[in-house]
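What follows is a short report on a single structure.
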Amino acid sequence: GQQLNQSPQSMFIQEGEDVSMNCTSSSIFNTWLWYKQDPGEGPVLLIALYKAGELTSNGRLTAQFGITRKDSFLNISASIPSDVGIYFCAGQLLGNNNDMRFGAGTRLTVKP
Amino acid sequence: DTAVSQTPKYLVTQMGNDKSIKCEQNLGHDTMYWYKQDSKKFLKIMFSYNNKELIINETVPNRFSPKSPDKAHLNLHINSLELGDSAVYFCASSLQGGGIQYFGAGTRLSVL
Chain S
29 GQQLNQSPQS MFIQEGEDVS MNCTSSSIFN TWLWYKQDPG EGPVLLIALY
79 KAGELTSNGR LTAQFGITRK DSFLNISASI PSDVGIYFCA GQLLGNNNDM
129 RFGAGTRLTV KP
Chain R
2 DTAVSQTPKY LVTQMGNDKS IKCEQNLGHD TMYWYKQDSK KFLKIMFSYN
52 NKELIINETV PNRFSPKSPD KAHLNLHINS LELGDSAVYF CASSLQGGGI
102 QYFGAGTRLS VL
C-alpha cells in the first residue's frame, strides 16, 4: 500500500507567493526525490536528497531531507506561472534498493 | 536525444484487443520500470526489471506482461484489454535498482 503521505493535495496561489509541500511516512527512507510533472509529460527530477538533514537548492526550489529520515519538504519561492504542475515526492526505503515509493502528488496552480 | 522514449504517445483501442507499448532508454541504465497513472494522477508501480530480476507488483493482472529483448528496451504487452485499463502508462529507467528514475513522456491508453 501507499506509505508516503504527501500534502497538500492541491494548492491555488498567486504569482509571486512562496509554496511549501511535504511528504511524511512511518517508514525510514535513505533517499528522497522530488519530481515535477507538466501536463502531457512524464515526471522530471527536480532535487535528490541522500542524507538526513541535507538541504539542497535548485534555483527557486529548496528541499530538505528530514532528520528522522521519515519526511521531506519542498519549498518554491516567488512562484511564477510555469511552476504549474503536479509535484511528486518519492522515497527509497531503507534496506530495500528496489523499492521506490511515490507520494500521491501536489497539484499546484499559479494565478497570474 | 530523448533519454527514455515510449511509443505510441496515444493509443485508442477496443475492449478485448491485445496491444503493446514500447520503451527504449539510451542512458545505459540497468533497471527499467513500468508505472500506471490513473485519473487521479496517482503513480502506481507495475514492474521493475533488470537482466537478473523481474519484480511484479502483485496487484497487476497477469494480462499485463513486460518483455525485454535487451537491456535498453522494456515493452509492455497487454492482453484482453478492459475499460479499467484506460490510463497513462509511464516507462522509467535507473542506473541501478532504487536509483534516480528517469521517465518517458507517457502513453495515454484509452479503451473503448
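Chains as they are written, first to last, in the numbering used here: chain S, 29 to 140; chain R, 2 to 113. Just so you know, even glycine gets a beta-carbon here, dropped at the ideal spot from N, CA and C.
Nearest CA to the CA of residue i: which residue from the options?
{"i": "residue 106 (chain S)", "options": "S:97, S:115, S:53 and S:88", "result": "S:88"}
{"i": "residue 139 (chain S)", "options": "S:51, S:44 and S:73", "result": "S:44"}
{"i": "residue 136 (chain S)", "options": "S:31, S:32 and S:36", "result": "S:36"}
{"i": "residue 8 (chain R)", "options": "R:23, R:14, R:16 and R:19", "result": "R:23"}
{"i": "residue 107 (chain R)", "options": "R:67, R:38, R:75 and R:47", "result": "R:38"}
{"i": "residue 29 (chain R)", "options": "R:68, R:99, R:4 and R:64", "result": "R:4"}
{"i": "residue 35 (chain R)", "options": "R:112, R:91, R:14 and R:13", "result": "R:91"}
{"i": "residue 67 (chain S)", "options": "R:18, R:72 and R:89", "result": "R:89"}
{"i": "residue 39 (chain S)", "options": "S:33, S:31, S:32 and S:49", "result": "S:49"}
{"i": "residue 59 (chain R)", "options": "R:74, R:45, R:69 and R:19", "result": "R:45"}
{"i": "residue 96 (chain S)", "options": "S:46, S:33, S:132 and S:54", "result": "S:54"}
{"i": "residue 87 (chain R)", "options": "R:69, R:80, R:43 and R:112", "result": "R:112"}
{"i": "residue 51 (chain R)", "options": "R:33, R:66, R:13 and R:40", "result": "R:33"}
{"i": "residue 115 (chain S)", "options": "S:108, S:109, S:127 and S:131", "result": "S:131"}
{"i": "residue 57 (chain S)", "options": "S:86, S:121, S:80 and S:128", "result": "S:121"}
{"i": "residue 42 (chain S)", "options": "S:117, S:134, S:128 and S:111", "result": "S:111"}
DSSP state of residue i, grouped into three classes?
{"i": "residue 136 (chain S)", "result": "strand"}
{"i": "residue 82 (chain R)", "result": "coil"}
{"i": "residue 89 (chain R)", "result": "strand"}
{"i": "residue 95 (chain R)", "result": "strand"}
{"i": "residue 62 (chain R)", "result": "coil"}
{"i": "residue 41 (chain R)", "result": "coil"}
{"i": "residue 102 (chain R)", "result": "coil"}
{"i": "residue 29 (chain S)", "result": "Confidence at residue 29 (chain S) is low in this model, with a pLDDT of 45, below 50, so the placement of that residue is unreliable and no value is reported for it."}
{"i": "residue 37 (chain S)", "result": "coil"}
{"i": "residue 111 (chain R)", "result": "strand"}
{"i": "residue 42 (chain S)", "result": "strand"}
{"i": "residue 49 (chain S)", "result": "strand"}
{"i": "residue 3 (chain R)", "result": "coil"}
{"i": "residue 56 (chain S)", "result": "coil"}
Rounded to whole angstroms, how far is the Cβ of residue i from the Cβ of residue j, which I believe are closer than 8 Å?
{"i": "residue 73 (chain S)", "j": "residue 84 (chain S)", "result": "Going by Cβ atoms, the distance from residue 73 (chain S) to residue 84 (chain S) rounds to 12 Å, so no, they are not a contact pair."}
{"i": "residue 16 (chain R)", "j": "residue 77 (chain R)", "result": "That pair is no contact at about 18 Å."}
{"i": "residue 62 (chain S)", "j": "residue 119 (chain S)", "result": "No, residue 62 (chain S) and residue 119 (chain S) are not in contact; Cβ-Cβ is about 10 Å, not under 8 Å."}
{"i": "residue 85 (chain R)", "j": "residue 93 (chain R)", "result": "Actually they are not in contact, since the Cβ atoms of residue 85 (chain R) and residue 93 (chain R) sit about 22 Å apart, beyond 8 Å."}
{"i": "residue 49 (chain R)", "j": "residue 25 (chain R)", "result": "With a Cβ gap of about 17 Å, residue 49 (chain R) and residue 25 (chain R) do not count as contacting."}
To which residues does DSSP link residue i through a beta bridge?
{"i": "residue 8 (chain R)", "result": "R:23"}
{"i": "residue 1 (chain R)", "result": "Nothing about residue 1 (chain R) can be read from this structure; chain R reaches only from 2 to 113."}
{"i": "residue 52 (chain R)", "result": "None, per the DSSP bridge assignment."}
{"i": "residue 14 (chain R)", "result": "R:112"}
{"i": "residue 33 (chain R)", "result": "R:50 and R:94"}
For the ligand ZN, is there a heavy atom less than 8 Å away from the beta-carbon of residue i?
{"i": "residue 96 (chain S)", "result": "Ligands are entirely absent from the displayed structure, and the ligand ZN is therefore not among its contents."}
Inset, instruction - Tell me the start and end of each unbroken beta strand (DSSP E) in the region 61-133 of chain S that is at least 3 residues and wholly inside, in chain order. - result: Listed in chain order, they are 72-77, 83-86, 89-93, 99-104, 113-121 and 128-130.
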